[in-house]
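Read in order, the letters of the sequence shown are residues 358 to 654 in the numbering used here.
Heads up, the beta-carbon is just placed ideally off N, CA and C, and yes, glycines get one too.
All remarks here apply to the structure that follows.
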Amino acid sequence: MPRLLPALLCLLAAALAPAAPAFELPPWQQLVFEQRNFWATARGEVNLKKGVAPLFPESENDPFVRLEIQNTVGSSIESIVVDLAPADGASLARWRLSRGRDQRLKTHRYLADSILRERREPANGGTAGDGPAAFGAGDGGWVSSGLTRIDLPAAAEGRTIITPHALFLLLPEFLDDPGRAGGYLVHTDLNFYRLVASPGSGETIEADFRLDEGRVEGRRGTRVLRVRAEPLAGNPEGQDFELMGLSGDIVFLIDRVTGLPLRIRGEAPRIGGAELNLVEAHSRPAPAKAAPAAATP
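Structure representation (structure tokens):
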């Protein structure tokens with residue numbers, strides 16, 4: 358009995374400990390970025406969704422929020438869907454489709470100690486369904502061409518595994534305390550990266566974007582955050598970290614008033630230094646208020 362007492366006390370303390378705070382969702386539900394160049398127009402959309410079906414049916418009882426991303430440069434289109442845990446933003450599942458000359462589909466399912474990665478190709482070289490619903494139905498014209506289990510690296514111990522686009526949700530946290538970036542590990546396809554965030558000098562920039570039914574124009578004061586992804590030693594592939602088509606150090610310029618990312622800077626293929634500007638944003642609907650209780654006569 359004396360030996361059981363410490364264990365019972367530990368269990369009691371764990372039961373009484375407050376639950377981890379829910380991941381604080383941003384005020385937006387859609388962000389649209391754009392940059393025009395002499396040879397092409399780059400456009401990227403980020404959508405935040407709740408109450409949708411999970412990518413993997415066996416995960417339907419796990420709470421999650423979703424990011425849907427679409428990047429378009431010329432005739433090349435990349436669609437990404439990421440399901441995230443609402444408690445900490447950890448990756449649960451990811452679906453990525455690239456369309457250009459060829460179609461390529463990859464999925465990742467995040468487990469406790471590993472990641473299941475699957476490649477799929479259109480059957481018989483034809484055209485397959487282009488949405489996660491088609492894949493989730495079991496075929497959609499896609500044929501599996503390889504299933505790989507990726508073991509988590511030692512650096513994952515004590516860190517939250519995220520995908521690059523989760524940075525849009527983590528910006529407020531990193532702005533308040535850049536040191537928190539060290540608690541995350543970014544997974545791309547086969548590689549992993551540590552995060553280093555550092556604040557920059559605030560800038561005043563010209564902005565012009567649609568916000569819900571109105572428009573925001575003119576000079577805006579911003580807070581600046583630089584995020585660097587440092588590859589782990591032993592990554593099996595070369596540098597492949599990118600966000601909305603930008604690689605290298607990613608610099609966010611966040612509006613001091615609305616908290617929206619007005620500009621993203623990085624390195625673009627064949628261009629070098631490049632930036633995407635916010636051209637449209639839609640606010641997340643306010644939570645419904647409970648009806649007041651009826652007065653007692």
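Assignment of beta-bridge partners to residue 428 by DSSP yields 401 and 435. With respect to residue 608, residue 622 sits close: the two C-beta atoms are nearer than 8 Å. Rounded to the nearest whole angstrom, the CA to CA distance from residue 567 to residue 506 is 43 Å. Pairing residue 574 with residue 565, the inter-Cα distance amounts to about 4 Å. DSSP places residue 381 outside any beta strand (DSSP E), giving it a letter other than H or E.
A contact between stretches requires three or more CB pairs, one per stretch, nearer than 8 Å, and the stretch 555 to 564 fails this requirement with the stretch 588 to 598. Cβ contact annotation for residue 618 (same chain, cutoff 6 Å, sequence separation greater than five): 609 and 611, in chain order. Going by C-alpha positions, residue 470 is about 48 Å away from residue 576. Where residue 525 is concerned, the enclosing alpha helix (DSSP H) starts and stops at 524 to 533. In this structure, DSSP gives residue 415 a helical state, which the three-state scheme calls helix. Here the alpha carbon of residue 418 sits roughly 14 Å from the alpha carbon of residue 450. The Cβ atoms of residue 473 and residue 521 lie no closer than 8 Å to each other. Separation of residue 528 and residue 477 (C-alpha to C-alpha, rounded to the nearest whole angstrom) is 33 Å. Here the alpha carbons of residue 640 and residue 515 stand approximately 33 Å from one another. Judged by their CB atoms, residue 405 and residue 422 are nearer to each other than the 8 Å cut-off. With a contact defined as Cβ atoms closer than 8 Å, residue 453 and residue 437 qualify at about 5 Å. Separation of the CB atoms of residue 411 and residue 443 is rounded to 13 Å, and the pair is thereby denied contact status at 8 Å. When the five nearest sequence neighbours on each side are left out, the beta carbons in the same chain lying within less than 7 Å of the beta carbon of residue 580 are those of 532, 559, 611 and 613, in order along the chain.
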